[in-house]
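Under the working numbering, read the sequence shown as residues 290 to 564, first letter to last.
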Amino acid sequence: MAVPSFWPGGANEIGGDSELVLEDVTSIGFEAADFAEGLSESRARAALYAAARLHALSLALREREGPLDQRFDFLFPCERAAAGYLRLVRRGLPQLEAFLRARPDCAQEAAAVTALSGRAPALLGTLLRPAEPAPLAHADFWSGNLLFRECDGEDECIALDWQMVSLGRPMDDIALLLLSSLTPELRREAGARLVEEYGARLEAECARLGVSAAGATVRRSLQADWARAALRALLLCAGSVDVALGDPRAERRLLEAVRDLHAQGVLHLKPDTDT
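Rendered as structure tokens:
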């Protein structure tokens with residue numbers, strides 16, 4: 290797994306906070322990416338291959354040991370995720386709306402975000418509900434939580450900050466990475482290709498682990514799951530919009546992501562119960 294090693298530390302008292310000592314992977318060449326610059330295609334591919342390993346391993350573990358939420362008690366529970374996303378809606382979407390309204394050519398997008406703010410609480414079930422077969426998803430898979438190094442001419446990636454890991458859908462991790470961490474030009478030019486390459490790697494990893502059917506099922510669902518996952522990713526981006534504000538490159542990336550999602554109809558997504 291593409292995760293740094295860690296060792297448990299002591300707790301000050303019974304039931305108190307514990308500590309983890311994390312491996313210093315910068316000593317073996319890993320480094321943070323420049324968020325404002327955005328990931329290269331090679332680094333984005335390395336990140337998605339790391340995600341494919343996580344998803345494939347958890348699918349294999351699920352097949353052998355049963356539902357993962359019964360196996361791991363540390364998974365981020367759905368009710369906490371819903372509460373967290375509701376806070377993002379209430380705090381982040383008004384900030385995003387103000388950001389858009391400051392630009393005279395974004396009136397339609399701003400109006401769509403305003404409408405989304407009123408509809409988003411009812412959407413949370415649709416956005417957060419896992420689909421079978423349900424692997425683990427990192428759920429905060431953007432370049433700020435990733436480290437990279439080059440080894441033998443190939444980029445490698447490891448993921449940090451696993452506090453939101455939960456039962457999820459692979460496209461949740463893919464959509465957040467593509468929308469938050471790639472330039473608009475690279476996302477538009479290479480996004481579909483990267484998703485296809487992720488799917489091929491996922492199937493290969495699943496076949497190696499003896500769960501070919503699960504890998505094929507997940508791969509078939511990827512494109513159909515884009516709108517839901519992209520809207521979930523947008524809520525995460527909106528909740529941390531201050532990360533982008535102040536840097537013209539990051540601001541433009543957010544702006545173009547909203548424009549593209551509006552053009553695709555993603556901002557008008559309705560709950561699954563709607564007909």
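Cβ coordinates follow ideal geometry from the N, Cα and C atoms, glycine included.
Proximity to residue i [Cα-Cα], best of the options
{"i": "GLY499", "options": "CYS440, LEU346, ALA340 and VAL292", "result": "LEU346"}
{"i": "PHE365", "options": "SER455, LYS559, ILE463 and LEU544", "result": "SER455"}
{"i": "GLY528", "options": "LEU385, GLY327, ARG360 and GLY407", "result": "LEU385"}
{"i": "ALA464", "options": "LEU337, ALA503, GLY318 and PRO422", "result": "LEU337"}
{"i": "HIS551", "options": "CYS440, GLU398 and ARG476", "result": "GLU398"}
{"i": "VAL378", "options": "ASP362, SER470, THR403 and ASP358", "result": "THR403"}
{"i": "ARG332", "options": "PRO459, PRO383 and LEU436", "result": "LEU436"}
{"i": "LEU466", "options": "GLU308, VAL314 and ALA335", "result": "ALA335"}
{"i": "ALA489", "options": "ARG509, VAL314, PRO473 and ARG476", "result": "ARG509"}
{"i": "CYS446", "options": "ALA505, ILE317, VAL310 and PRO297", "result": "ILE317"}
{"i": "ARG538", "options": "GLU474, LEU309, ASP429 and LEU483", "result": "GLU474"}
{"i": "PRO410", "options": "VAL314, ARG376, TRP451 and GLU478", "result": "ARG376"}
{"i": "ASP462", "options": "GLU478, ARG477 and LEU483", "result": "LEU483"}
{"i": "GLN553", "options": "ARG542, PRO383 and ALA401", "result": "ALA401"}
{"i": "ARG541", "options": "LEU511, GLU485, GLN512 and ARG476", "result": "ARG476"}
Outcome for residue i when other beta-carbon atoms lying within 10 angstroms are tallied against a minimum of 16
{"i": "PRO424", "result": "buried"}
{"i": "CYS440", "result": "exposed"}
{"i": "PRO459", "result": "buried"}
{"i": "ASP362", "result": "exposed"}
{"i": "GLY327", "result": "buried"}
{"i": "ALA370", "result": "buried"}
{"i": "LEU534", "result": "exposed"}
{"i": "LEU511", "result": "buried"}
{"i": "ARG392", "result": "exposed"}
{"i": "ARG497", "result": "exposed"}
Beta bridge counterpart(s) of residue i as assigned by DSSP
{"i": "ILE447", "result": "LEU436"}
{"i": "PHE295", "result": "LEU311"}
{"i": "SER455", "result": "ALA426"}
{"i": "GLU320", "result": "PHE437"}
Beta-carbon spacing of residue i, residue j below 8 Å
{"i": "LEU468", "j": "ALA522", "result": "yes"}
{"i": "LEU525", "j": "VAL507", "result": "no"}
{"i": "ALA322", "j": "TYR487", "result": "no"}
{"i": "SER432", "j": "PHE324", "result": "yes"}
{"i": "VAL530", "j": "GLY381", "result": "yes"}
{"i": "HIS427", "j": "LEU343", "result": "yes"}
{"i": "GLU419", "j": "GLY457", "result": "The question names Glu, but residue 419 is Pro in the sequence shown. For PRO419 and GLY457, yes; Cβs fall inside 8 Å."}
{"i": "ALA349", "j": "PRO422", "result": "no"}
{"i": "GLU320", "j": "ARG408", "result": "no"}
{"i": "ALA448", "j": "ALA339", "result": "yes"}
Beta-carbon contacts of residue i that lie in its chain and below 7 Å, excluding the five residues immediately before and after
{"i": "CYS367", "result": "LEU417"}
{"i": "LEU311", "result": "PRO293 and PHE295"}
{"i": "ASP514", "result": "ARG458 and MET460"}
{"i": "ASP444", "result": "SER331, ARG332, ALA335 and PHE437"}
{"i": "ASP442", "result": "Correcting the residue type first, residue 442 is Gly in the shown sequence and not Asp. Around GLY442: no qualifying Cβ."}
{"i": "ASN434", "result": "ALA448, LEU449 and ASP450"}
{"i": "GLU352", "result": "VAL500 and ALA503"}
{"i": "ALA505", "result": "GLU492"}
Chain-order list of residues whose beta-carbon lies under 8 Å from that of residue i (same chain, five-residue window excluded)
{"i": "LEU558", "result": "LEU412, THR415, ALA516, ARG517 and LEU520"}
{"i": "CYS235", "result": "Lying outside 290 to 564, the shown extent of the chain, residue 235 is not represented and no answer is given."}
{"i": "GLU354", "result": "ARG360"}
{"i": "GLY480", "result": "LEU467 and LEU471"}
{"i": "GLN452", "result": "PHE365 and ASP429"}
{"i": "THR315", "result": "LEU436"}
{"i": "PRO383", "result": "SER406"}
Neighbourhood of residue i by C-beta, 6 Å cutoff - its chain only, sequence neighbours within 5 removed
{"i": "SER501", "result": "CYS495"}
{"i": "SER329", "result": "none"}
{"i": "ASP536", "result": "ALA325"}
{"i": "ASP561", "result": "THR415"}
CB contact check: residue i to chain C, cutoff 8 Å
{"i": "LEU511", "result": "Absence of chain C from the displayed structure is noted, only one protein chain being present."}
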